[in-house]
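This report refers to the structure that appears directly beneath it.
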């Protein structure tokens, strides 16, 4: 999908957000010892929607606090 979209200048990217119902268990192995704030997630999404990310194509951006 990303390769086809590139021909007509459509950027396909995604971010991977964790399940908030399992937050305590998910945060334990994270080096930063906390979940991302909604502001931190929003900043990544705004970057992906901006011209600054034009050369990023078909990627999954994981906001993981160093876990991934």
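In the working numbering, the protein residues as written are 851 to 918. The C-beta atom is built at its ideal place from N, Cα and C for all residues, glycine as well.
Asked	Found
For residue 906, name the three-state secondary structure that DSSP assigns.	coil
Is it the case that the Cβ atoms of residue 917 and residue 894 are separated by a distance below 7 Å?	no
Report all residues from its chain with a CB closer than 8 Å to the CB of residue 882; omit the five preceding and five following residues, and keep chain order.	915 and 916
Have a look at residue 873 and residue 913 and give me their C-alpha separation to the nearest angstrom.	14 Å
Quick one: what does DSSP say residue 870 is sitting in, helix, strand or coil?	helix
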